[in-house]
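Trainee:
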Amino acid sequence: MDQLAAFDPVTVGDLTLPNRVVMAPMTRSRAYGPGQSPTSLMAEYYAQRASAGLIISEGTQPSVVGQGYPSTPGLHSDEQTAAWREVTDAVHAAGGRIFAQLLHTGRIGHPLLIDGRRPVAPSAVRPKVSVFTPQGLKDCITPQAMTGEAIEQTLNDFVVAARNAVAAGFDGIEVHGANGYLVHQFLDPTTNLRTDGWGGSVERRIRFAAELMRRIADAIGPSRTAMRVSPGNPYNDMSHSDPHATYLALTETLRTLGLAYLHVVETGDRDLTRKLRAEFGGVFILNAHTAPRPTGPEELALVEDGTTDLLSFGALFLANPDLPRRLATGGPFNTPARERFYGGDERGYTDYPALPDQPLDGSGVSG
-11 MDQLAAFDPV TVGDLTLPNR VVMAPMTRSR AYGPGQSPTS LMAEYYAQRA
39 SAGLIISEGT QPSVVGQGYP STPGLHSDEQ TAAWREVTDA VHAAGGRIFA
89 QLLHTGRIGH PLLIDGRRPV APSAVRPKVS VFTPQGLKDC ITPQAMTGEA
139 IEQTLNDFVV AARNAVAAGF DGIEVHGANG YLVHQFLDPT TNLRTDGWGG
189 SVERRIRFAA ELMRRIADAI GPSRTAMRVS PGNPYNDMSH SDPHATYLAL
239 TETLRTLGLA YLHVVETGDR DLTRKLRAEF GGVFILNAHT APRPTGPEEL
289 ALVEDGTTDL LSFGALFLAN PDLPRRLATG GPFNTPARER FYGGDERGYT
339 DYPALPDQPL DGSGVSG
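The sequence shown begins at -11 in the working numbering and counts up one residue at a time.
1. Report whether the distance from the Cβ of G23 to the nearest heavy atom of the ligand NAD is below 7 Å.
2. Evaluate contact between the region -8 to 2 and the region 208 to 215, counting only Cβ atoms and requiring at least three cross-stretch pairs below 8 Å.
3. Cutting at 7 Å between CB atoms, please list the residues of its own chain near R335, excluding the five before and the five after it.
4. Tell me, to the nearest whole angstrom, how far the beta carbon of L299 is from that of V79; I am working on the premise that it is less than 8 Å.
5. For the alpha helix (DSSP H) that Q68 lies in, which residues bound it at each end?
6. Counting C-beta neighbours from all protein chains within 10 Å, is the total for A205 16 or more, i.e. buried, or is it exposed?
7. DSSP on T179, reduced to helix/strand/coil?
8. Between which two residues does the beta strand (DSSP E) harbouring I43 extend?
9. Using alpha carbons as the reference points, say which of P210, P61, G56 and F196 lies closest to R105.
10. If we ignore side chains and look at the alpha-carbon of each, how far apart do H277 and T255 end up?
11. Within the continuous beta strand (DSSP E) that includes V10, where are the two ends?
12. Put A233 into one of helix, strand or coil per three-state DSSP.
13. Using the three-state DSSP reduction, which class does H172 fall into: helix, strand or coil?
14. Out of curiosity, what's the CA-to-CA distance linking G124 and V252?
15. With 16 other CB atoms within 10 Å as the buried threshold, where does V117 fall?
16. Does T317 pass the burial test, meaning 16 or more other C-beta atoms within 10 Å, or should it be called exposed?
17. Can you list, in chain order, the residues of its chain with a C-beta nearer than 7 Å to that of A38? Leave out the 5 residues immediately preceding and following it.
18. Select from R95, H164 and G165 the residue whose C-alpha is nearest the C-alpha of A133.
19. Out of R151, A71, F321 and L236, which has the shortest C-alpha to C-alpha gap to T261?
20. Applying the 10 Å Cβ sphere with the 16-neighbour rule, what's the burial state of S28?
21. Let me know the alpha helix (DSSP H) ranges lying completely inside the region 307 to 336, each 4 residues or longer, listed in chain order.
22. For the alpha helix (DSSP H) that contains I204, what are its first and last residues?
23. Look at the Cβ atom of M11, then the Cβ atom of A35, and state whether they are nearer than 8 Å.
24. Where do the N-terminal and C-terminal ends of the alpha helix (DSSP H) with S28 fall, by residue?
25. Kindly indicate the opening and closing residues of the beta strand (DSSP E) around V119.
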């Protein structure tokens, strides 16, 4: 099948992207700068991948209490905002475009990561998962159920972080509403047990996500605002058995905001993916579910057949800084070094080779 559509330009918000291959957000836990700020090594890492149609940054916390993992960056201080400017300048100098992903992990985390504070969530439901801390692997604890005042503060924290992202030179922001983190926790009836205006019915469970996106869009413009969701994803001890009504209702609301895009992490329900695309009506990015794992070129047909406008790639982009070129030529592909995904130095981070400029000779490239 002709797969050239994946390498056609596309308009996303106010940007014209040269291709439809997106670098998915990936936590790398290398924010070793003061106050957990980005570093020059991070700037090099992102700039290496500037041939992506769009880069979405690793999850970046909008507040101290929003952190769930060691050495993840924030966008809630002047120091962090200034440090991110080196990253965005490097990406733009290399011809790329980059959105910041704003991630509040909610109940996923530990007091050792957030200055002794207790993680917060819609309801006091302890996740049966563990997280890495400065003292090693620890079980998550029962979170503090958020008060109405805490919800309002969190919404404001996100808005401030979005403004900081623009000040840092990002082309826009993506709110992480997926993978069992705070926004997802509000959407799921097994983690949102509230009986007030923020929980219970579908309309009240989607309220936090909808209000968050509305406020950010008002603050920085809808063309620079986007969202990522993962309907039915069990990651981080989630168990929403029938997500259709919830996510279709959310998408109907998001459609009215004129967002830059909707980014869907697929967990096997292609029927729901198609319904969400139709309901949203705007630019659609898909992180496709493939079994046993993504292969790359085969997924490009999902752009060709209209399933999605753009495709996001995670580990494949991590290991292949020039992924669009490799996809266009059918490979070869570096193998991700999984033992170096989180934390560490340049190994398994900025040392993956790009293809030589000369035509491919069919030889393999190893990571």
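Even for Gly, the Cβ is constructed at its ideal location relative to N, Cα and C.
Quick caveat, the model's predicted, so the values are computed rather than measured.
Mentor: On the basis of the data shown:
1. Questions concerning the ligand NAD fall outside what the structure shown contains, since it holds no ligand whatsoever.
2. As far as the Cβ criterion goes, the region -8 to 2 touches the region 208 to 215, which means the pair count is three or higher.
3. R328
4. L299 to V79, Cβ: 20 Å. No contact.
5. Segment D66 to A81, the alpha helix (DSSP H) holding Q68.
6. buried
7. coil
8. In the DSSP assignment, I43 falls within the unbroken beta strand (DSSP E) covering L42 to T48.
9. G56
10. Rounded to whole angstroms, H277 to T255 spans 6 Å at the Cα level.
11. V9 to M11
12. Three-state DSSP puts A233 in a helix.
13. DSSP, read as helix, strand or coil, puts H172 in helix.
14. 32 Å
15. exposed
16. exposed
17. V79, A82, G83 and G84
18. R95
19. Distance from the Cα of T261 is smallest, within the candidate group R151, A71, F321 and L236, for L236.
20. exposed
21. 311 to 317
22. Taken as a continuous stretch (DSSP letters only), the alpha helix (DSSP H) holding I204 covers R195 to I208.
23. no
24. S28 to Q36
25. S118 to T121
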